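Engineer: Encoded as structure tokens, here's the structure I'll be asking about.
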Amino acid sequence: MKHKLVPVAAALLTALASHNVAAESATDIVTDGWTVNGYASMNYRLVEGETTDNEYGKPDYMTAGTHGHSTNQVEFIIKKHTEHRNGVWSDFVVRSEYGNGNTFAYSSPGSQKQDHFDGQFEIKETYVEIGGISFLGEDTSVWGGQRFLNRSAGLLSGEFWKQSSGVGAGIQTKLGGNTAGFAVVSADADGTIGQYQKDEDGNFIDSDGNITNDDSKRVPVERKTLTSIDLYYYGVQALGGSFDFDLKFMSQANSDDDGIGASITYNRDYYGLDGWTQTAIAYGKGIAQNRGVNFGSWSGGDDNAESLFITSYGVLNISDNWQMGSEITYIGALDELWGAEDLERMLIAVRPSYKVNDNLRLEMTASYGYENGKDGYWGREGDAVKSEIYNFELAAPLTVNADYFGRPQIKPYVSHIMADDRASAERVGIRSGDSETIVGVHTEIWF
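Residue numbers -22 to -1, 1 to 425, in mature numbering (1 follows the signal peptide of the UniProt record, and there is no 0), belong to the letters of the sequence shown in order.
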């Protein structure tokens, strides 16, 4: 009897094993989890005892000190990553932000919730990316949603010169061992969202062009949706570094304007020394006049708009205690730039940093900003045509890691800005004379 049970038991075990195999699906989740990253920048700065919204021309490459707008900018990036048994993976990414652009020192009553204040809570990115699909290939992924695609920013200016910011979709893969991608991104032009048509005196009008006070008859401003078709190929190894190539074709709805932008980026050590640099040259025409590959709701331009952009920035490791950041940036009109003929801007900046110990660093920032154009651009004449701005800053960051990028840090600083004349001082918002001093504490963390 005992021997007769053995085949039966074996059959049962085989059936159970077969059932377990069948129960395992290729789409079963094998890894699933959430990560949280983010950034915060709290800039407490006073000019003659008063908070200020002045950035002293920093977004225009006029200065490179600690002059960011935000008194309380906080950013969270939440990502849900999932992997399946068949190798398919997905990411769901949400980037939320509060306080970007706000310059007020808010107190406890919650006044920041009132209307007409910048820097409220916003969702900056929300997209899904899926990769590892068998019929697309192991190295291929597709994405859809709202995102900042392929961003790059200057080290000391802090200005993003490359990105596609908007809503869209794309595909990314490997070609010849390098990253290649195609994307379509759209953004509604600034000044058209939530706006209504008006006559030359500023009165709301109806569809027949008549003045109306009836909210239901107001006519929305025609949407001027901008679209960028992006092609990129990154990581080409050559000349002791790697090259990234970007090409963007831009168009605008309800408009005859279009544009083309292109850039080449060279990544390597610090010009043959220990460290790193990123050097780029970009060309932009028409809608792409703003640094060629900087696409978003701010994009726009006609056939006369054409520019050249060159930048190089990085960090040199001099010794165990000394490091230095640097940036040289130039943007100039080949015809017109933002409606100004022959406009050109240049920034030269350095930031040497000395590690006193593991928790204290001393910094000095020096920058020179230059702007010039054809006499009469933007109504400027005489001394206002050309501007030269000098910025010197001393800081003593307290940090948990005294490396150049050691964060979090609390950075007391004094920044002094000087202009070559009164007209240039007015150009960067200096209220009286030709110089101004900012005293502040900048707190920053990346996580």
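Note that CB positions come from ideal geometry on N, CA and C, so glycine has one too. Keep in mind the model is a prediction, meaning the values are calculated, not measured.
So does the stretch 286 to 296 actually touch the stretch 238 to 254, counting three or more Cβ pairs closer than 8 Å?
Structural biologist: yes
Engineer: Taking the straight line between their C-alpha atoms, what separation do you get for E349 and S185?
Structural biologist: 44 Å
Engineer: Please list, in chain order, all residues of the same chain as V197 whose beta carbon is under 7 Å from its beta carbon, the five residues on each side excluded.
Structural biologist: Cβ neighbours of V197 beyond the five flanking positions: Y174, Q175, I183, D184, S185.
Engineer: Report yes if the CB atom of F82 is closer than 8 Å to the CB atom of T49, and no otherwise.
Structural biologist: yes
Engineer: At the 8 Å Cβ level, is A318 part of the contact set with chain B, yes or no?
Structural biologist: This model lacks chain B altogether; it includes just one protein chain.
Engineer: Mind checking who V14 pairs with in its DSSP beta bridge?
Structural biologist: I56
Engineer: Where DSSP assigns a beta bridge to T377, which residues make up the other side?
Structural biologist: Answer by DSSP bridge pairing, in chain order: Q387.
Engineer: Note down, in chain order, each residue of its chain lying with its Cβ closer than 7 Å to the Cβ of D320, except the 5 sequence neighbours on either side.
Structural biologist: A311, G351, K352.
Engineer: Would Y34 and M324 qualify as a contact pair, given that the criterion is a beta-carbon distance under 8 Å?
Structural biologist: no
Engineer: What span of residues does the beta strand (DSSP E) with E137 cover, start to end?
Structural biologist: No beta strand (DSSP E) contains E137, which DSSP labels as neither H nor E.
Engineer: Using the three-state DSSP reduction, which class does S304 fall into: helix, strand or coil?
Structural biologist: strand
Engineer: Kindly indicate which residue of V106, S130, I423, R329 has the alpha-carbon position closest to the one of T243.
Structural biologist: S130
Engineer: Using a Cβ-Cβ cut-off of 6 Å (strictly less than) and excluding sequence neighbours within five positions of F70, which residues of its own chain qualify?
Structural biologist: K58, V106
Engineer: Any idea what DSSP makes of D247, helix, strand or coil?
Structural biologist: strand
Engineer: Apply the 10 Å Cβ neighbour rule to T205 and answer buried if 16 or more other Cβ atoms are within range, or exposed otherwise.
Structural biologist: buried
Engineer: Between which two residues does the alpha helix (DSSP H) carrying A403 extend?
Structural biologist: 400 to 405
Engineer: With DSSP run on the structure shown, which of helix, strand or coil describes residue 510?
Structural biologist: In this structure the chain extends from -22 to 425, so residue 510 is not present and cannot be described.
Engineer: Along the beta strand (DSSP E) that carries V120, what are the first and last residues, could you check?
Structural biologist: According to the DSSP assignment, V120 belongs to the beta strand (DSSP E) that extends over 119 to 131.
Engineer: Pairing CB atoms from the stretch 228 to 246 with CB atoms from the stretch 254 to 264, are three or more of them under 8 Å?
Structural biologist: yes
Engineer: So, for H420: in the same chain, excluding its five sequence neighbours on each side, which residues have a beta-carbon less than 6 Å away from its beta-carbon?
Structural biologist: Contacts found: N21, T44, K389.
Engineer: Once you ignore the five residues that flank A18 on each side, which residues in its own chain have a CB closer than 6 Å to its CB?
Structural biologist: V52, I423
Engineer: Hey, how far is the Cα of M(-22) from the Cα of L114?
Structural biologist: With a pLDDT of only 46 at M(-22), under the threshold of 50, the placement of this residue in the model should not be trusted, and no figure is reported.
Engineer: Between which two residues does the beta strand (DSSP E) holding A42 run?
Structural biologist: Segment: none, A42 is in no beta strand (DSSP E) and carries neither H nor E.
Engineer: Do you know offhand how far G219's Cα is from G159's?
Structural biologist: The C-alpha of G219 lies about 21 Å from the C-alpha of G159.
Engineer: Cutting at 8 Å between CB atoms, please list the residues of its own chain near V162, excluding the five before and the five after it.
Structural biologist: G146, A147, G148, T205, S206, I207, D208
Engineer: By the 10 Å Cβ neighbour count, where 16 or more other Cβ atoms means buried, how is V271 classified, buried or exposed?
Structural biologist: Result: buried.
Engineer: Identify the residues that DSSP records as bridge partners of P37: which are they?
Structural biologist: Answer is none; P37 lacks a bridge partner.
Engineer: Please name the residue, chosen from D247, V199, N191, D166, that lies closest to S229 on a Cα-to-Cα basis.
Structural biologist: D166
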